[in-house]
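Notes to accompany the following structure.
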Amino acid sequence: MDTLDTLLMAFISIVLINNLVLTKFLGICPYLGVSGRIDMAFGMGMAVTFVVTLSGTMTWMIDHWILMPMNLEVTRYVCFILVIAGAVQLVEMYIRKFFPSLYESFGIFLPLITTNCAILGLCLFVNLWGIDNLPEAAVLSFGAGIGFTMAICIMAGIRENLNMADVPRCLKGAPITLITAGLLTLAFMGFAGMIK
Amino acid sequence: MASNGQTTTTLYKQTLLTGLWRENPVFRLLLGMCPTLAVTAAVKPALTMGLSVIFVLLCSNIVVSLMRNLLKPHLRILMFTLTIATFVTIADLFLKAFVPRMSETLGPYVPLIIVNCIIICRAEACASKNNLFISIIDALGMGAGFTLALCVLAGVREILSTGAVWEIKVLPAWFVPWAALSMPAGAFITLGLLLGLVNVISKKRT
Amino acid sequence: MSKIKHFIEQSWLLIIASFFFGLLIATANTVWSPRIEQNKITKINNLMSGLLPKAEKFELAAELQIKSSKGKKVKSNVYEALAERQCLGWAFNCEGPGFADKIELIVAVDKNFEKFAGYAVLASNETPGFGDRIKLSYYRQQFVGAPIGKLEIAKTGDAEKIDSEIVAISGATVSSEAVIKIINSFVVQVKKQMQEKGLIGNGK
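Taken in order, these protein sequences are the chains called F, S and U. Start counting the first sequence at 227; every next residue gets the next number (my numbering). Start counting the second sequence at 365; every next residue gets the next number (my numbering). Start counting the third sequence at 996; every next residue gets the next number (my numbering).
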């Protein structure tokens, strides 16, 4: 029961309180680029969740079962990015072959995700926070993806409405999106301190 | 011969200036947003990050340019990534050894230089197609543009949120600092407003 | 055989580059890692000297496993502050959840574990201007000389008076309480384990 409690807390904390996009500034490039429409945003969010859960768990395993025991921590960044790139390739091939309809909806985003800071960022944060058990790492990775999806869908909803608003010409596009993101972050700050 | 020499120098000058303003990676190309928002709470970390990016960009452009004729097309992204990851690791070790406090402030955003779109874009668009000298100049130009953008953003945020720049008090005591600017929300809003300002300035020029 | 040959033909550059880069990283690491280790030690030493200024050096006395308020086991290093071979006090690190993220502190106590000598913040991510004030001396001063036992938070009161009541930072109740909770939970366990190890006298 205690472990379930910890896992639930970890999940809530990374989705609401330490949301990767809004508080840790990860995944901003796709956030700005793909949040124009809700269906695209959702597709991107799902793709990211898929990849990040896989990469987060795999990099944790490699870090704890290979790098640390063999004192190869200095190669951590190189290993992580190679694992992530490989994972993305594998996921893309697998989905294209076995779930072609799924590939239609979010397959095109997969190559973009390799350079998405959210994935590498999450793997590094899991390392930084000293997570020492596999279930917690897996839950955090999954939660990070869900948090990203949630943030990008909210943003897409707002942007669809913004299209009909009278935005000053110089602020159209990225500037107004950033300001909206700032206001969203302010709103989410209300969740801080939720978990004692 | 003279006209050839002149075209080459103008080409170098153009490449350098492009990175600084016309194709400034942060303000115009909207690349490398993640570190821009994260480390610009104060000018010192922003400058450290900018210099690290210049170092990694320079080294990676040099290495990629040197091996541009030997690259196999379907392996090149892997090669770029490997190169960048190596130099980022070296930069990170350097920061940890010589400026530990800055390294702590920057935290996980130094390794995130690996996935900084700027570096891989320059390797793909410029270094793999041009000779060594142009690649170096391009790296310097883009890196300088990035550092400039970071420092401007950091300057605005630091002055308004703490009344000090580089930890030297600039604003008088009666100014109540806007602490919100040093938090994530303030980062987004400041960058959005700055981008709007840049749009206004470039519209006026053209 | 030709498959291997084909493989090598395609990726010889990758293999050579990997070796070269591996060498670069290994060199940088070997050259700089003693410095990196030294930096970590210097940082903790500086913080501890700030809390117990009369000490000449700090020696690692014990490595304890303390249960933090989240239920996780945290490693806590206890350092003995020595001056002319006499024990002046002890310092140990502790951590726990704060308002935003976790807070890491170094707490210094006197040699009998009776009174606090103060604390310093190792790492924290509290709200700037509010929770961040746990780093400021006007809040930290209240802990210097306070009795070890149950420190309590008080919303108002005399901050100058040194007792077990700590006046919270206005606008940052959660961060102030977090610091007190972390210190309370750690100091009790550290004291007990140090007594069990016989490093400090019993009967307290």
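Just so it is clear, CB atoms sit at the ideal spot from N, CA and C, and this is done for glycine as well. Quantities reported herein were computed from a predicted structural model and do not represent experimental measurements.
| Item | Value |
| --- | --- |
| Residue-chain proximity (F458 (chain S), chain U), Cβ-Cβ < 8 angstroms | yes |
| CB of A400 (chain F) within 8 angstroms of CB of L246 (chain F), strictly | no |
| Residue-chain proximity (V300 (chain F), chain U), Cβ-Cβ < 8 angstroms | yes |
| Proximity of K1150 (chain U) and A1163 (chain U) at Cβ, strictly below 8 angstroms | yes |
| Host beta strand (DSSP E) of A1078 (chain U) (start-end) | 1068 to 1078 |
| Near-chain S residues of the stretch 1130 to 1162 of chain U - C-beta to any C-beta below 9 angstroms | none |
| Distance between S1180 (chain U) and K1156 (chain U) (C-alpha atoms, nearest Å) | 23 angstroms |
| Test item: CB-CB of R486 (chain S) and N433 (chain S) under 8 angstroms | no |
| Euclidean distance between Cα positions of W1007 (chain U) and L1018 (chain U) | 17 angstroms |
| Neighbour flag for A382 (chain F) against chain S, beta carbons, 8 angstroms | no |
| Pairwise C-alpha distance: A544 (chain S) and M296 (chain F) | 44 angstroms |
| Nearest neighbour of L348 (chain F), chosen from S:S492, S:V479, S:C490, S:I484 [CA to CA] | S:V479 |
| Per-residue burial, M294 (chain F) [other beta carbons within 10 Å of its own, 16 or more giving buried] | exposed |
| Close beta carbons around V309 (chain F), own chain, < 7 angstroms, minus the five adjacent residues each side | S281, M284, T285, I288 |
| Presumed contact (8 angstroms Cβ cut-off) between A410 (chain S) and A518 (chain S), rounded CB distance | 4 angstroms |
| Status (buried if at least 16 other CB within 10 Å, exposed otherwise) for A311 (chain F) | buried |
| Spatial distance of T511 (chain S) from V1139 (chain U) (CA atoms) | 43 angstroms |
| The stretch 1039 to 1055 of chain U / the stretch 1065 to 1074 of chain U touching (three or more Cβ pairs under 8 angstroms) | yes |
| DSSP state of E1054 (chain U) mapped onto helix, strand, coil | strand |
| DSSP three-state assignment for T411 (chain F), whether helix, strand or coil | helix |
| Outcome for P337 (chain F) when other beta-carbon atoms lying within 10 angstroms are tallied against a minimum of 16 | exposed |
| Of the listed residues S:V562, S:T412, S:L555, nearest to I254 (chain F) (C-alpha basis) | S:L555 |
| Residue environment, P399 (chain S), which counts as buried when at least 16 other CB atoms sit within 10 Å | buried |
| Cα-Cα separation, L535 (chain S) to A551 (chain S) | 20 angstroms |
| Short Cβ contact (8 angstroms threshold) for L1100 (chain U) with I1178 (chain U) | yes |
| Secondary structure of V571 (chain S), DSSP reduced to three states | Any question about residue 571 (chain S) goes unanswered here, given that chain S covers just 365 to 570. |
| CB contact below 8 angstroms: L421 (chain S) versus chain U | no |
| Chain S contacts from the stretch 1024 to 1056 of chain U (Cβ-Cβ distance under 8 angstroms) | N1024, W1027, S1028, R1030, I1031, N1034, K1035, K1038 |
| Per-residue DSSP class, three states only, for D1096 (chain U) | coil |
| Span of the beta strand (DSSP E) around A1112 (chain U) | 1111 to 1118 |
| Range of the contiguous beta strand (DSSP E) that encloses A1149 (chain U) | 1147 to 1149 |
| I264 (chain F) in three-state terms, based on DSSP | helix |
| Chain B contact for G1124 (chain U) (CB, 8 angstroms cutoff) | Note that chain B does not occur in the displayed structure, where the protein chains are F, S and U. |
| Assigned exposure category for Q1033 (chain U) - 16 Cβ within 10 Å defines buried | exposed |
| Cα-Cα separation between N495 (chain S) and Y376 (chain S), rounded to whole angstroms | 12 angstroms |
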